[in-house]
Each structure stands twice: as structure tokens, then as C-alpha cells.
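Asks:
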Amino acid sequence: ASIIARGLRPAALEILDRATIQAVEASVYRAGYPEDAEAVLLVELEGLPQALEEATAEVRDACLNSSSIDFEEADDEAARERLWRGRKGAFGAMGRIASDLYVLDAVVPRTRLAEAITGIQKIGHKHGVHLSNVFHAGDGNLHPNISFDAADPEQRQRVLAAGDEILRLCVGLGGTLSGEHGIGIEKQDHMPLIFSDEQLESQRLLRKAVDTQGLANPGKILPTGRSCVEAGFRGAGHQQRTERVLGPMPKEKGVPPEGDTP
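Taken in order, the sequence shown gives residues 1 to 262; the numbers are from the working numbering.
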């Protein structure tokens, strides 16, 4: 927030928390991040040389005056690629932790990021799940990642409960359910958190007006009134089966429910 408050508009502003850093540094995506840090902030600037020099000085000052333990500037393309390698490989690195990864996509105002991360960590501890945070700090788009085993029903229930609380937390902080990847099936029962019954009905009527036969991605986005969120998966031999989101997928493990690759 202090960087934005200085009038700077970085091309990218990304944060990786300690759990993500440790996963990255133990993987082939190792980027040299400080493993004793609570988080790493990646800032990318663009512009003409003089403007870049001035903006970099502003970012350095903002960071070092906000309890940062160090500041590293990439002085060539190789250094830049090294720093970004860890961020781009973060989700692959998390695959070492567990067989499956549940990725959320909520958004909060930038000014509420610290509260959101603190709250998310508390929720993770409460439900006993392994949480890693890597997200787009520039627009408040959070991607809490829960590593788990989808073949374990008890783990799935804890993951779903934690995910539900995280979404409610973010909405309560003035945010919304999705910043990039949409509502789909997983979050449709949370739509009443941000829309009234009248607003949801208006959306249903609009959808019906433009899709009179219900052929355009049916059963997605708007709440269905069913007691559980269900999704169709195709297994080996193309046999159709219906399962809960995060449902047992013994022959298709490792695929996040949203196919999310933030």
C-alpha cells in the first residue's frame, strides 16, 4: 500500500509467503529467496531509464521503511529471470507438499491485505490445513492455496470448511469472491454473500433472455438451490460420474477443482 500511496504504478506487485518461499527453495524453481523471511515482495517497474531509476529509489525507500529485512535489485535479465522463476514455479513447487491443491481466488481492497492474510492464517490453523499464500498484491487478488489429499474424505471436508471461511472473511473485508477465475460451480452457493435475492433473480432472467434453451454452460455461476455443490467429472474410459467438488478422484489426482493456474 505504501508503494501505491507514493503514486507508483508497478507493472507487477507479487507476494509469496514463508510457506511458499520454503516450497520454492526446496524445488527446482529455487530462486534464492530468503527462507527466514515472512514474505517476499516482487516489484517490477517499466519505463525510461531516468524514470526507472527514480521509481526504483522510491520503491527501495518504501520497502526499507516498512520493516523489510533486505532489498535486492535485478541489475540484468538473468537476475530478473531468477527472481521471477520462483514466482512462476510456485504452484509447481507446492506439488511436492501434497498430491492435490485447492486454489482460492478472492479479492480484498489493498488497504485490507494485512488483515486478510492474518485472518487466512488463523483459519488455516483452526482447520489444520496446510496453507500457502501467493498473490497479486497490486490489485488485492488473493490466491490462498491449500495442499491436501483428495482421496481422504476427512481432509476434503476440512479444506471445504476452510475455503468457505476464507471467502466469507474476504467479503467481510469489503472484497468479493473472485478476481480472475470466475464463480463456476465451486463458489455459486456463496453468491448470496455479495448479491441480494432480487439481484440474483435479475441475473437469472437476463441469462434466460440470452440463452433461452439453457445451453451456455448450464448449472454454473448462479445458485441452484441444491444442498451440495456438485460437479461432473469424466473418468477413465470416459465414464461419466458426478462428484462433489474436491470429490474422490483416485484416477485423476492432482487437478485443482478450478484448473486454477494463477
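For each residue, glycine too, the CB sits at the ideal point set by N, CA and C.
Model, not experiment: these values are computed from the prediction.
Could you check whether ALA98 and LEU177 sit closer than 9 Å to each other, using their CB atoms as the reference points?
Replies: Against a cut-off of 9 Å, the Cβ pair of ALA98 and LEU177 comes out as no contact.
Asks: What does DSSP give as the partner residue(s) for ALA93 in the beta ladder?
Replies: Bridge partners of ALA93: none, in fact.
Asks: Helix or strand or just coil, what does DSSP make of PRO144?
Replies: Reduced to three states, the DSSP call for PRO144 is strand.
Asks: Is GLU156 near HIS190, with beta carbons less than 9 Å apart?
Replies: One point to set straight first is that residue 156 is Arg, not Glu, in the sequence displayed. It is not a contact, given that the beta carbons lie outside the stated cut-off.
Asks: When you compare each of HIS181, ALA12 and ALA151 to ARG80 by their alpha carbons, which one comes out closest?
Replies: It is ALA12 whose Cα lies nearest to the Cα of ARG80.
Asks: By DSSP's criteria, GLU44 is part of a beta bridge. Which residues make up the other side?
Replies: BP columns for GLU44 point to ALA12.
Asks: For GLY175, which of GLY86, GLU25, LEU113 and LEU42 has the nearest alpha-carbon?
Replies: The residue with the shortest Cα to Cα distance from GLY175 is LEU113.
Asks: With respect to the beta strand (DSSP E) encompassing SER132, which residues constitute its N-terminal and C-terminal limits?
Replies: 130 to 136 is the span of the beta strand (DSSP E), which, as asked, contains SER132.
Asks: How far does the beta strand (DSSP E) with VAL103 in it extend, from its first residue to its last?
Replies: That run of the beta strand (DSSP E) goes 100 to 103.
Asks: Can you list, in chain order, the residues of its chain whose CB lies under 8 Å from that of ALA23, leaving out five sequence neighbours each side?
Replies: Closer than 8 Å at the Cβ level, and outside the excluded window around ALA23, lie ALA90, ALA93, MET94, ARG96, ILE97 and SER132.
Asks: How about HIS127 and VAL159: do their beta carbons lie closer than 9 Å?
Replies: Yes, they are a contact pair.
Asks: Taking the alpha carbon of ALA161 as the point to measure from, which residue in VAL59, GLY124 and PRO49 has its own alpha carbon closest?
Replies: Checking every option, the nearest Cα to that of ALA161 belongs to GLY124.
Asks: If you reduce the DSSP assignment to three classes, tell me which class THR176 lands in.
Replies: Looking at THR176 - three-state DSSP - the assignment turns out to be strand.
Asks: Compare the beta carbon distance of ASP70 and PRO34 with 9 Å and say whether it is the shorter of the two.
Replies: Yes; because the gap between Cβ atoms is below 9 Å, this pair is in contact.
Asks: Could you please give the first and the last residue of the uninterrupted alpha helix (DSSP H) stretch that includes ASP61?
Replies: It spans 49 to 64 - the alpha helix (DSSP H) in which ASP61 sits, taken as one unbroken run.
Asks: Run through DSSP, which three-state label would ALA79 get?
Replies: Helix, per DSSP.
Asks: Decide if the stretch 46 to 65 is in contact with the stretch 2 to 22; the criterion is three or more beta carbon pairs, one per stretch, under 8 Å apart.
Replies: With the cut-off at 8 Å, the stretch 46 to 65 and the stretch 2 to 22 touch.
Asks: Using 8 Å as the cut-off, can you tell me whether the stretch 13 to 20 makes contact with the stretch 134 to 150, which would need three or more C-beta pairs spanning the two stretches below that distance?
Replies: The stretch 13 to 20 vs the stretch 134 to 150: in contact.
Asks: Leaving out five residues before and five after ASN217 in sequence, what residues of the same chain have Cβ atoms less than 8 Å from its Cβ?
Replies: For ASN217, where only same-chain residues beyond five positions count, there are no Cβ hits under 8 Å.
Asks: Could you spell out the range, first to last residue, of the alpha helix (DSSP H) harbouring VAL182?
Replies: Here the sequence assigns Gly to residue 182, which means Val is not the residue at that position. Counting along the chain, GLY182 falls outside any alpha helix (DSSP H), and DSSP gives it neither H nor E.
Asks: Let me check one thing: in DSSP terms, what residues is ALA39 bridge-paired to?
Replies: DSSP, once it has assigned bridges, lists ASP17 as partnering ALA39.
Asks: Taking Cβ positions, are ILE21 and VAL43 nearer each other than 9 Å?
Replies: Not a contact, by the Cβ cut-off of 9 Å.
Asks: If you draw a straight line from the C-alpha of GLN240 to the C-alpha of GLY184, how long is it?
Replies: Per-residue confidence for GLN240 stands at a pLDDT of 32, beneath the threshold of 50, marking its modelled position as unreliable; the derived number appears in the next sentence. Taking the straight line joining both Cα atoms gives about 19 Å.
Asks: Looking at SER2 and ALA62, is the spacing between their C-beta atoms short of 9 Å?
Replies: Closer than 9 Å, so yes.
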